[in-house]
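Protein chains in written order, with this note's numbering: chain A, 1265 to 1358; chain B, 6 to 323. For each residue, glycine too, the CB sits at the ideal point set by N, CA and C. Worksheet: one structure, shown below.
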Amino acid sequence: MSKNWPLWEVFVRSKNGLEHRHCGSLHAADAQMAMANARDVYTRRSEGVSIWVVESSHITASNPENNGEMFEPAADKVYRHPTFYDLPDEVKHM
Amino acid sequence: MSEKEVKNLEEIFEARIARDEKIEPKDWMPEKYRKTNIRQISQHAHSEIVGMLPEGNWISRAPSLRRKVALLAKVQDEAGHGLYLYSACETLGISRDELYEQLHSGKAKYSSIFNYPTVTWADMGAIGWLVDGAAIINQVPLCSTSYGPYARAMIRVCKEESFHQRQGFEIMLKLANGTPEQKDMAQDALNRWWWPSLMMLGPTDAESVHTEQSMRWKLKRKTNDELRQQFIDQTVPQADLLGLTIPDPDLKWNEARGSYDFGEINWDEFWQVVKGHGPSNKKRMKDRVGAWERGAWVRDAAMAYAEKNENRKVKKAI
Ligand SMILES: [Fe+2]
Ligand SMILES: [Fe+2]
Ligand SMILES: [Fe+2]
């Protein structure tokens, strides 16, 4: 009985200076194969200069059910933004 | 969860769809939304990989190296499209193995168009031009489908599709401007692929059982009939340019509608093919299942090798 190849997530840096971005997933037996497949599937048209692959099971994701307590507290903290502060128009370069 | 809670979640969900928000894998969604998505995305994925078979048939016999590299690249793209779509589908909680099992057992459908044989080189032209052309018309609106992973996969697919259609049209153009025999070959391919291409966009709206709900959930953004009309309107002038005749005596411009009127589609043929009685259904499934089974030892060997390496690493660490 065969065992299924695990799932991997693929992140590609499109050019130096930019971050790696998640671009999709694939199945592979090991990291080396995941890398080879990621190259063939996601960078056939010069979409990248660097690839990360990580087994999907190693990712911990936040749960949308907790979005309230996770993200809402940021909404009422307007004082974290520069526009919260009243300054006269004469002040330049600030 | 109580019935009231579910009802509440459903309302929130419908409101999100109405606001054009995307739904992501871990978000709550109605079971039927999940199921409908799985059906639609997996059907699409199956079509991409079964779609490699009729064209794969001609790779070794392409008339020049230029044509061969192009066709090879196109078929490889289709494998990629299948993979993007399977991955999107798996985010809905179904495994790749189950998806393959549904395809191989005949439980899942794939596009009816791939059950027609590719008998001449001109079929590579007609497929790229018409079949990929119809696919693009179907896929562009799906870039804004409501399920995030599906929409992202479609954006990637659409970026790659346009070369497929252009290489097909170029093949047709070359044949249409070639010797009389070559032109006949192009016309013959158009004759055979025209009607199946129209059918490929799906049953009429009146017959399509899933359309209404899918439109409401923004899984589908245009109806089959709308897509078909768009395809016809954009393809007729292209056929004129090739100097080829579309095999439909009822085809004519309707000034009032600003669209082409067209003849009756043979829906009996469509349903026959969908039910498995097309010219190549059996061959396609035999080839697909055969490739999967013959590849089993390779998949097992790769897994065994990976496990051996992993164990070795663990032992060293101890
Ligand atoms: Fe495709
Ligand atoms: Fe497609
Ligand atoms: Fe294509």
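- Under the three-state reduction of DSSP, glycine 1281(A) is assigned to coil, being neither helix nor strand.
- The C-alpha of arginine 293(B) lies about 46 Å from the C-alpha of methionine 1334(A).
- Here the alpha carbon of methionine 159(B) sits roughly 48 Å from the alpha carbon of leucine 1351(A).
- Between methionine 190(B) and alanine 127(B), the beta carbon gap of about 4 Å places them in contact (Cβ cut-off 8 Å).
- Closest in alpha carbon position to histidine 1286(A), among Ala1292(A), Met1297(A) and Glu1273(A), is Glu1273(A).
- Per DSSP, the continuous alpha helix (DSSP H) segment holding valine 303(B) begins and ends at 301-322.
- Cβ-Cβ distances below 6 Å link isoleucine 142(B) to Leu232, Gln235 and Phe236 in the same chain, with the five nearest sequence neighbours on each side left out; the list follows chain order.
- Listed along chain A is no residue with a C-beta nearer than 9 Å to that of methionine 34(B); the closest approach is about 11 Å.
- Relative to the non-hydrogen atoms of ligand 3, the Cβ of alanine 140(B) comes within a distance shorter than 7 Å of at least one.
- Between the region 89-101 of chain B and the region 39-53 of chain B, the count of C-beta pairs closer than 8 Å reaches three or more; the two stretches touch.
- DSSP, reduced to helix, strand and coil, places glycine 281(B) within a helical segment of the structure shown.
- With respect to valine 279(B), serine 65(B) sits apart: the two C-beta atoms are not nearer than 8 Å.
- Selection Pro201(B), Lys287(B) and Thr209(B) evaluated against proline 252(B) yields Pro201(B) as nearest (Cα-Cα).
- With respect to threonine 41(B), serine 167(B) sits apart: the two C-beta atoms are not nearer than 8 Å.
- At least one heavy atom of ligand 1 is found less than 7 Å from the C-beta of glutamate 53(B).
- Cβ contact annotation for threonine 150(B) (same chain, cutoff 8 Å, sequence separation greater than five): Ala156, Met159, Lys223, Leu224, Lys225 and Arg226, in chain order.
- Residues of chain A whose Cβ lies closer than 7 Å to the Cβ of lysine 31(B) are, in chain order, Ala1325, Asn1327 and Pro1328.
- In this structure, the CA atom of glutamate 298(B) is about 20 Å from the CA atom of serine 285(B).
- Among the residues facing chain A, glycine 300(B) is not included, as its CB has no counterpart in that chain under 8 Å away.
- Under a criterion of Cβ atoms nearer than 7 Å, the residues of chain B adjacent to serine 1289(A) are, in order, Ser92.
- Residue environment: aspartate 137(B) is assigned as buried (16 or more neighbouring CB atoms within 10 Å of its CB, all protein chains considered).
- Contact note: tryptophan 1272(A) does not reach chain B at a C-beta cutoff of 8 Å; the least C-beta distance is about 10 Å.
- Shown here for serine 1321(A): same chain residues with a beta carbon closer than 8 Å to its own, the five before and five after excluded, namely Pro1270 and Leu1271 in chain order.
- The beta-carbon of tryptophan 1316(A) is placed no less than 8 Å from the nearest beta-carbon of chain B.
- Taking all protein chains shown into account, threonine 184(B) has fewer than 16 neighbouring C-beta atoms within 10 Å of its C-beta and is therefore exposed.
- Nearest CB-CB separation between glycine 263(B) and chain A: not below the 8 Å threshold.
- Residue environment: glutamate 260(B) is assigned as exposed (fewer than 16 neighbouring CB atoms within 10 Å of its CB, all protein chains considered).
- In terms of side-chain proximity, the C-beta atom of valine 162(B) is found nearer than 7 Å to a non-hydrogen atom of ligand 1.
- With its beta carbon at least 8 Å from every one in chain A, methionine 159(B) lies outside the interface.
- Apart from sequence neighbours up to five positions away, the residues of its chain that approach methionine 34(B) with a beta-carbon distance below 7 Å are Phe18 and Ile28, ordered along the chain.
- Boundaries for isoleucine 270(B): no beta strand (DSSP E) harbours it, and the DSSP string shows neither H nor E there.
- Counting along the chain, valine 74(B) sits inside the alpha helix (DSSP H) bounded by residues 70-95.
- The region 310-317 of chain B makes contact with the region 1279-1296 of chain A: 3 or more CB pairs, one atom from each, lie closer than 8 Å.
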